[in-house]
Every structure is written in structure tokens, then in C-alpha cells.
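Numbering (numbering that gives the first Met the number 0), first residue to last: 0 to 193. For glycine and all other residues, C-beta sits at the position ideal for the given N, C-alpha and C. Fair warning: this is a prediction, and the values are worked out from it, not measured in the lab. Some notes on the structure that comes next.
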Amino acid sequence: MENLKQRIREEGQNLGNGILKIDSVINHQVDAALMLEAGAEFARVFAATEPTRILTAEVSGIMPAMSVAYAMGLPLVYARKHKPVTMQEPVFVEFAPSHTKGRDVSLMVSPEFISPDDRVLIIDDFLATGQTILAMSRIVEEAGATLVGLGFLVEKSFEGGREELAHLNVPIHSLAIITEMRDDGMIVFDDDEA
0 MENLKQRIRE EGQNLGNGIL KIDSVINHQV DAALMLEAGA EFARVFAATE
50 PTRILTAEVS GIMPAMSVAY AMGLPLVYAR KHKPVTMQEP VFVEFAPSHT
100 KGRDVSLMVS PEFISPDDRV LIIDDFLATG QTILAMSRIV EEAGATLVGL
150 GFLVEKSFEG GREELAHLNV PIHSLAIITE MRDDGMIVFD DDEA
């Protein structure tokens with residue numbers, strides 16, 4: 000999606016160690032129009048998978064996932080990282096390492112919001128190593144639901160996440176694919192190399 004790539008080129012900051020700061024687009028401030036455009040694109044790409052529910056992880060996955068849920072007319076469920084007192088046992092819980100936090104984070108979903116009848120489309124802001132997505136896919140499996148696809152605003156292909164997720168055998172679509180984040184701060188997209 001060219002608009003997203005352009006915003007990353009203009010405002011993205013390569014902080015080193017594979018960390019891309021795009022706080023002015025999604026992670027702190029949200030460009031609502033850009034998210035709605037992304038949601039419409041994901042809805043088009045994943046229409047044939049016939050999802051019944053969108054799943055993401057809090058916090059920065061919520062905005063792109065919400066835009067997809069809106070475009071497809073579906074409910075959005077987000078995996079919580081902290082258990083509120085209102086979340087009653089039993090709870091689906093998985094753990095994943097966080098690249099930006101430097102530690103493992105928990106991901107929790109209440110069984111009342113995902114069932115064996117569901118066809119789940121996972122949408123997130125970034126695909127890096129794929130560990131967060133694998134944790135969410137395990138929650139889908141524990142619930143007895145069917146995973147039908149994976150969508151990402153930004154994929155950092157050099158971190159190998161797509162390969163980690165290949166065994167899930169579902170369509171994977173990224174709106175912007177970064178192949179390299181150079182030491183000089185340059186951010187290289189897959190179509191820059193063509």
C-alpha cells in the first residue's frame with residue numbers, strides 16, 4: 000500500500016536492532032484515514048477466507064484490526080496483556096517475547112469471545128519474528144476455532160517471521176514489506192529493489 004510506505008519513508012525512524020518507530024502513524028498517534036484505507040484493503044484481500052471474527056494483540060494492533068473489523072462488519076477481539084478483574088477464569092493464555100519490551104508478554108483471551116464455530120483472521124501492526132502471532136494462533140487452536148488468515152501493516156522480512164508462520168498454512172498478506180533497515184538509518188522496501 001503506497002500511502003503507508005510513503006508515510007514510513009517520511010516519518011519512520013530506524014532506531015537500530017530492527018526497531019522501526021512509526022509513532023505518528025499507528026503506535027502513539029493514529030492516522031485514522033490511513034487505517035481505514037488499510038482496513039478496506041485487508042477486507043478485499045481476505046474476503047474469500049470468510050472470517051467471522053478479527054483477533055489482534057493490544058495495544059498497537061487494535062487500530063488496524065478495528066479498521067478491518069469495520070470494513071468487514073465483524074467483531075474484533077484483542078488479546079489482553081494484563082488480566083482485568085472483569086476477566087473470569089478460565090482464560091486462554093499464551094506467552095510471546097516482545098522485541099520492543101525486551102521480555103515475554105502474556106496474551107489472554109476470554110473463551111466467551113472466541114468459540115469453535117469461529118473463523119479467525121489475525122491482524123496486527125508488525126510481522127517481525129512471528130512469535131506474537133504464533134501465540135495468538137495457539138489461542139485460536141485452544142478455542143477449537145479455525146485460523147483463516149494473517150494480515151500485517153508492516154512486515155520486516157529480514158526477521159524471518161513469514162517463514163516461522165508458514166506451517167500454519169493460511170494466507171499471509173502485508174501492506175508494506177521492509178527487506179532491510181540499514182545502519183545508516185535507511186529503510187528499504189521490497190519494491191525498492193525491483
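Using the beta-carbon count (16 or more within 10 Å), is residue i buried or exposed?
i, result
"residue 58", "exposed"
"residue 135", "buried"
"residue 115", "exposed"
"residue 62", "buried"
"residue 185", "exposed"
Tell me where the beta strand (DSSP E) around residue i begins and ends.
i, result
"residue 102", "102-108"
"residue 18", "Premise fails: residue 18 is in no beta strand (DSSP E) and is neither H nor E."
So, for residue i: in the same chain, excluding its five sequence neighbours on each side, which residues have a beta-carbon less than 7 Å away from its beta-carbon?
i, result
"residue 73", "50, 51, 52, 53"
"residue 105", "80, 92, 94"
Name the two residues that bound the continuous alpha helix (DSSP H) containing residue i.
i, result
"residue 64", "61-71"
"residue 131", "130-141"
Using 8 Å for Cβ pairs, my map puts residue i next to residue j. What's the rounded Cβ distance?
i, j, result
"residue 17", "residue 158", "6 Å"
Once the 5 residues before and after residue i are set aside, which same chain residues still bring their CB inside 6 Å of it?
i, result
"residue 39", "70"
"residue 131", "56, 95"
Would DSSP call residue i helix, strand or coil?
i, result
"residue 92", "strand"
"residue 184", "coil"
"residue 168", "coil"
"residue 148", "strand"
"residue 14", "coil"
"residue 124", "strand"
Looking only at its chain, what residues have a beta carbon closer than 8 Å to the beta carbon of residue i, apart from the 5 residues adjacent to it on each side?
i, result
"residue 175", "0, 3, 4, 7, 152, 153, 154, 188"
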